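A quick write-up on the structure given underneath.
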Amino acid sequence: MTAGAQPVLEVEDLRVRLRTPRGPADVVNGLSYTVGPGETVAVVGESGSGKSVSVLALLGLLPARVATVTGKALLQGEDLLTMKPERLRQVRGPGAGMVFQDPMTSLNPVLTVGRQLVEGIRAHSDMDKAAARRRAADLLAEVGLPDPTGALDRYPHELSGGMRQRVIIAIALSNSPALLIADEATTALDVTVQAQIIDLVEKLQAEHGTGVIWITHDLGVVAGIADRVLVMYGGRCVEDGTVDDVLDHPVHPYTRGLLGALPDLARPGPDGALPELATVPGVPPSPTDLPRGCVFWPRCPVRGDARCETEQPPLVQISQGRHGRSGPPGLPHRAATWCTEGTSGAGSPGEGGR
Ligand SMILES: Nc1ncnc2c1ncn2[C@@H]1O[C@H](COP(=O)(O)OP(=O)(O)O)[C@@H](O)[C@H]1O
Ligand SMILES: [Mg+2]
240 MTAGAQPVLE VEDLRVRLRT PRGPADVVNG LSYTVGPGET VAVVGESGSG KSVSVLALLG
300 LLPARVATVT GKALLQGEDL LTMKPERLRQ VRGPGAGMVF QDPMTSLNPV LTVGRQLVEG
360 IRAHSDMDKA AARRRAADLL AEVGLPDPTG ALDRYPHELS GGMRQRVIIA IALSNSPALL
420 IADEATTALD VTVQAQIIDL VEKLQAEHGT GVIWITHDLG VVAGIADRVL VMYGGRCVED
480 GTVDDVLDHP VHPYTRGLLG ALPDLARPGP DGALPELATV PGVPPSPTDL PRGCVFWPRC
540 PVRGDARCET EQPPLVQISQ GRHGRSGPPG LPHRAATWCT EGTSGAGSPG EGGR
C-alpha cells in the first residue's frame, strides 16, 4: 500500500453476536484492521476463533434473525454494514469477491459452470455472450482446470471437489474485485494447483490493486503470500503485524504456541506439503462463556498474576513494524497480552495502539 492511498477495506470495532440455543454467543469481539490496495492480510487461528463469521459479516451473509453485527466496515469508503441489500448485491462482484470453504454451497447446482461464470462476467461488464464465454474459458484455464471449454457445459455435480473449488475461484476473480476474501480457499487443493492460484491472485493484485484477506491454516501459504498476519483467538485479534514480525518475533503466548512446533518455513515436507500450524494444548473458549480477563488465560502456559484472569489486555502497539519484508516500513506490530516478558521492545500496555 502506498503512503496516503485509501485503504480498500477498513474494519472498525466489528462485533458479531449470534443467537444460539445456549444463549447469546459473542463470536467476534471488537475486530479492527485495514487492508490496503494490493495488500494481503492472512488471518490465522484455530477452528472456532471467528474467522469465517467475521468475513461473512462483512458481506452481509449472516442471517439477520440469528446475527447482530455492529461496527464499521468501509469498502473503498462505503460502509458495508449499513448498505442497502440491493447495493450490497451490486458491490459483490466488482467490489468484493469471496471464496468459501465449501464450494458446493456457492455454486448453483442446476446451472452449468459456463452459465454461472458468463452471467457473473456480463452482470458487471458490457461483453457480449461470445466474448464472455471466451473470457470464462480463459479463466478456467488460468485456475488450472483441464479442458476448460468442455467444463463450461458441465454441471457442478459432474466435477470433482477440487475442480468445483477452482470454478469458484474463477468466478471470484472474474470481475477483478477491489477486495478478495479467500476462506480456506485452497486448503483442499494439491500444492501445485494451490501455487498456481496464488500466482493468479498475485497477478490480479499487481494489475488491479486488489486487497486480499486470506484465511488459512497453512503457514507455507502465509509466508508465501501475506504482507501482514492477523492472529484471531476467541473472536479477537490477539496479535497482528507484518508477516516477518509475527512469524519471526511473535509476542502473544497464543501465537507463540501456534508457531511452537514450526518446522523451517522455507522447506516443504518430503511429500511437497507445507507446514501447518501447531496444535496448542487445551480447548478454545466458548463464545457463550468467554473468560473475563485475557481470553487465552485458561490455556496460557505462562500466565501470570490475578490480572491475567480478571482484566482484559488491550491490543497495543509493541513496535513500529521493525521487520517488514515487503510493503512500507512502519506498519505497527500489535498484541493483546499482559505477558510481554522476554520479547524485546515490548511496550507497556496502554501505550500506543488502539
Ligand atoms: N450459524 C451458527 N450458529 C451458531 N454458532 C455459530 C454459527 N456459525 C458459527 N458459529 C460459532 O461461531 C464461532 C466462530 O465460528 P467460525 O467463524 O466458523 O470459526 P473459524 O472460521 O475461525 O473456524 C464458533 O464458536 C462457532 O461454533
Ligand atoms: Mg472457518
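Numbering (our numbering), first residue to last: 240 to 593.
Beta carbons: idealized from backbone N, C-alpha and C, even for Gly.
As the structure is a prediction and not an experimental result, all values here were calculated from the model.
Suppose you measure from the CA of residue i to the CA of residue j; what does that come to, to the nearest Å?
{"i": "S583", "j": "T576", "result": "Only weak support is given to the placement of S583: the predicted model assigns it a pLDDT of 42, under 50, and the value that follows is read from those uncertain coordinates. Cα to Cα, the separation comes out at about 14 Å."}
{"i": "R261", "j": "D386", "result": "49 Å"}
{"i": "L486", "j": "R254", "result": "26 Å"}
{"i": "S525", "j": "G389", "result": "47 Å"}
{"i": "E423", "j": "V283", "result": "10 Å"}
{"i": "L300", "j": "R542", "result": "37 Å"}
{"i": "L498", "j": "T518", "result": "9 Å"}
{"i": "I557", "j": "P571", "result": "7 Å"}
{"i": "E251", "j": "D392", "result": "43 Å"}
{"i": "V308", "j": "L320", "result": "8 Å"}
{"i": "V432", "j": "A380", "result": "12 Å"}
{"i": "T279", "j": "G269", "result": "21 Å"}
{"i": "F535", "j": "Y472", "result": "8 Å"}
{"i": "T549", "j": "P520", "result": "22 Å"}
{"i": "P553", "j": "C547", "result": "12 Å"}
{"i": "Q355", "j": "L428", "result": "22 Å"}
{"i": "P530", "j": "C578", "result": "17 Å"}
{"i": "P348", "j": "R403", "result": "11 Å"}
{"i": "L298", "j": "D484", "result": "29 Å"}
{"i": "P246", "j": "K290", "result": "20 Å"}
{"i": "A500", "j": "A370", "result": "At A500, the pLDDT of 40 sits below 50, so the modelled position is not reliable; the number obtained from the coordinates is stated separately. If you take the alpha carbons of A500 and A370, they lie about 50 Å apart."}
{"i": "R373", "j": "R326", "result": "28 Å"}
{"i": "P276", "j": "A434", "result": "22 Å"}
{"i": "D365", "j": "A375", "result": "14 Å"}
{"i": "D503", "j": "R495", "result": "Caution applies to D503, whose pLDDT of 41 falls short of 50 and renders its modelled position unreliable; the model cannot decide the point."}
{"i": "R538", "j": "S271", "result": "24 Å"}
Quick one: does the C-beta of residue i sit closer than 6 Å to a heavy atom of ligand 1?
{"i": "P526", "result": "yes"}
Considering only their Cβ atoms, is the gap separating residue j from residue i smaller than 7 Å?
{"i": "A244", "j": "A465", "result": "no"}
{"i": "G359", "j": "L419", "result": "no"}
{"i": "V266", "j": "G532", "result": "no"}
{"i": "L443", "j": "T449", "result": "yes"}
{"i": "P436", "j": "I408", "result": "Checking the sequence shown, residue 436 turns out to be Ile, not Pro. For I436 and I408, yes; Cβs fall inside 7 Å."}
{"i": "V357", "j": "V406", "result": "no"}
{"i": "H447", "j": "S415", "result": "yes"}
{"i": "L257", "j": "V305", "result": "yes"}
{"i": "R467", "j": "T455", "result": "no"}
{"i": "L314", "j": "L248", "result": "yes"}
{"i": "H488", "j": "V477", "result": "no"}
{"i": "D438", "j": "R573", "result": "no"}
Rounded C-beta distance between residue i and residue j? I'm assuming under 8 Å.
{"i": "T212", "j": "P263", "result": "Nothing can be reported for residue 212, as the shown portion of the chain is limited to 240 through 593."}
{"i": "P523", "j": "S288", "result": "7 Å"}
{"i": "I452", "j": "V330", "result": "About 15 Å separates the two Cβ atoms, so there is no contact after all."}
{"i": "P333", "j": "H363", "result": "5 Å"}
{"i": "A421", "j": "V338", "result": "5 Å"}
{"i": "Y493", "j": "V461", "result": "Going by Cβ atoms, the distance from Y493 to V461 rounds to 16 Å, so no, they are not a contact pair."}
Query raised in the report: In chain order, what residues place their C-beta within less than 5 Å of a heavy atom belonging to ligand 1?
Result: L257, T259, V266, S286, G287, S288, G289, K290, S291, V292, P526
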